[in-house]
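Let me begin by presenting the structure, written as structure tokens, before commenting on it.
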Amino acid sequence: MLTVRGYVVGRVLQAVVALLGVTCVAFLLVSLSGDPAFILLTPEAGAEQRAAFRELYGLDQPLPAQYARYVSHVARGDFGSSFAFNRPAIQVVLERLPATLLLTVTAVALGVVVGMPAGVAAAVTVSGPLDRLVMALVLLGQSVPTFWLGLLMIRIFAVNLRWVPVSGHGTVLHLVMPAAALGLYLAALLARLTRSEMLEALAQDYVRTARAKGLSERVVTVAHALKNALLPIVTLIGLQLGALLGGAVVTETVFAWPGIGSLVLDAILRKDYPVVLAAVEFVAAGFIVINMALDLLYGYLDPRLRTART
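In this text, residue positions in the sequence shown follow my numbering: the first is 54, and each later residue adds one.
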């Protein structure tokens with residue numbers, strides 16, 4: 054039987070392999086997308102200046118040599134220098150991290166606070182008016198594109214009503230619309246999944262047994278049904294949290310939010326390879342850490358999984 058230590062070691066090895074795979078794919082994609090010397094240097098720059106630029110950043114070497122050099126530097130924590138900012142690429146990425154974390158945590162919190170109670174309410178009133186209303190809103194929330202919702206919110210709340218700023222960053226009011234645009238979509242996903250899992254849980258024998266013991270409907274719903282329905286819900290929350298760490302590029306662009314997503318988009322357009330690669334590696338590492346944390350949380354939520362690893 055797999056021990057906890059063996060399980061953790063196995064997960065760490067999987068994480069290393071996954072990071073190497075992400076590094077390889079990302080490096081190949083950005084390397085084949087064009088020559089940054091033609092993007093970053095002025096049109097008046099001659100062939101000698103372009104050659105000097107390529108030599109400075111090692112772009113004149115064969116692709117396998119560039120990749121080996123990059124991996125060896127990353128292993129030492131050196132992600133290279135940004136072509137555009139002339140500063141360490143990881144420093145440029147980390148400067149955008151607080152804004153991304155703020156938007157991500159707020160959007161996920163909004164999605165959880167709205168989506169899970171809505172899903173539970175729909176499940177306990179299945180086929181009733183409330184259930185139909187929730188499912189109609191879920192369908193609407195999943196169908197409306199995030200960028201269109203963002204533009205609509207700007208039109209109504211920023212331009213017409215002038216309740217919040219159109220775009221930017223710095224105050225709580227700047228956060229309201231981008232967090233709502235992302236959070237409402239997540240709320241729709243969570244409401245749909247929570248309803249489905251709750252309906253399955255409420256049909257189980259242990260729920261009927263709890264009711265037969267005279268427990269209140271609230272205790273049965275929360276302490277028995279919802280607790281046993283949490284695993285897939287927690288998985289969805291974790292996956293969405295990891296995805297948003299990379300920055301919601303469209304939302305950040307619409308609201309001019311200075312997060313990692315908008316940084317990566319700008320870096321791609323400028324052929325700023327070190328920043329793109331540093332951001333991809335950072336986000337991939339964060340996603341892997343979140344998945345490992347989810348695995349540990351599964352053991353807490355389902356003792357059968359914890360027992361299987363001991």
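Yeah, the Cβ is synthetic: ideal placement off N, Cα and C, and Gly gets one too. Just so it is clear, the structure is predicted and the values come from calculations on it, not from any experiment.
- [ ] Would you decide whether ALA40 is buried or exposed? Buried here means 16 or more other CB atoms lie within 10 Å of its CB.
- [x] Because residue 40 is not part of the residues shown, which for the chain are 54 to 363, the question remains open.
Open item on the list: Going by beta-carbon coordinates alone, are VAL219 and VAL229 separated by less than 9 Å?
Closed with: Taking the sequence shown and counting its residues from 1, one reaches residue 219 at position 166. Taking the sequence shown and counting its residues from 1, one reaches residue 229 at position 176. For VAL219 and VAL229, no; Cβs fall outside 9 Å.
TODO: Within its chain, find whatever has a CB closer than 6 Å to the CB of PHE200; leave out the 5 residues flanking it on each side and keep chain order.
DONE: Locating residue 200 in the sequence shown gives position 147, counting from the first residue. Excluding residues within five positions, the ones whose Cβ falls inside 6 Å are VAL303 and VAL307.
Task: Collapsed DSSP secondary structure at PRO327 in the structure displayed - done: If you number the sequence shown from 1, residue 327 lands on position 274. DSSP places PRO327 within a helical segment (H, G or I) once states are collapsed to three.
Open item on the list: Report the start-end ranges of each alpha helix (DSSP H) in the stretch 242-308 that is 4 residues or longer and not cut off at the edges.
Closed with: Counting whole runs of 4 or more residues, the stretch 242-308 contains the alpha helix (DSSP H) stretches 258-265, 283-298 and 302-307.
Open item on the list: In the DSSP assignment, the alpha helix (DSSP H) including ILE143 goes from what residue to what residue?
Closed with: Walking along the sequence shown from the start, residue 143 turns up at place 90. Counting along the chain, the alpha helix (DSSP H) containing ILE143 begins and ends at 142-177.
Task: Alpha-carbon spacing of PRO368 relative to SER135, whole angstroms - done: Lying before the first or after the last residue shown, residue 368 is absent from the chain, which here runs from 54 to 363.
TODO: Below 7 Å CB to CB, which residues in the same chain sit around PRO198 once its five sequence neighbours on both sides are set aside?
DONE: Taking the first residue of the sequence shown as 1, we reach residue 198 at position 145. Nothing listed; no residue qualifies.
TODO: Could you spell out where the alpha helix (DSSP H) holding ARG185 opens and where it closes?
DONE: Residue 185 sits at position 132 when you count from the first residue of the sequence shown. First-last of the alpha helix (DSSP H) with ARG185: 182-196.
Open item on the list: Quick check on this structure: which residue in LEU237, ALA175 and ALA176 has the alpha carbon closest to the alpha carbon of VAL167?
Closed with: As a first step, residue 167 must be located in the sequence shown, where it is residue number 114. The candidate whose alpha carbon is nearest that of VAL167 is LEU237.
Task: Delimiting residues of the alpha helix (DSSP H) encompassing PRO117 - done: Here residue 117 refers to the residue found at position 64 when the sequence shown is read from its first residue. Residues 116-128.
- [ ] Can you say whether VAL336 is buried or exposed, counting buried as having 16 or more other CB atoms within 10 angstroms of its CB?
- [x] Taking the sequence shown and counting its residues from 1, one reaches residue 336 at position 283. Buried is the call here.
Task: Same chain only: Cβ atoms within 6 Å of ALA142, ignoring 5 sequence neighbours per side - done: One-based indexing of the sequence shown puts residue 142 at position 89. Excluding residues within five positions, the ones whose Cβ falls inside 6 Å are PHE132, GLY133, SER135, PRO327, VAL328 and ALA331.
Task: Among GLY172, ALA241 and ALA162, nearest to SER196 - alpha-carbon criterion - done: Counting from 1 along the sequence shown, the entry for residue 196 is found at position 143. For SER196, the nearest C-alpha among the options comes from ALA241.
TODO: Could you name the residues that DSSP lists as bridge partners for SER134?
DONE: Taking the sequence shown and counting its residues from 1, the one referred to as residue 134 is at position 81. In the DSSP output, where bridge partners are listed per residue, SER134 has PRO141.
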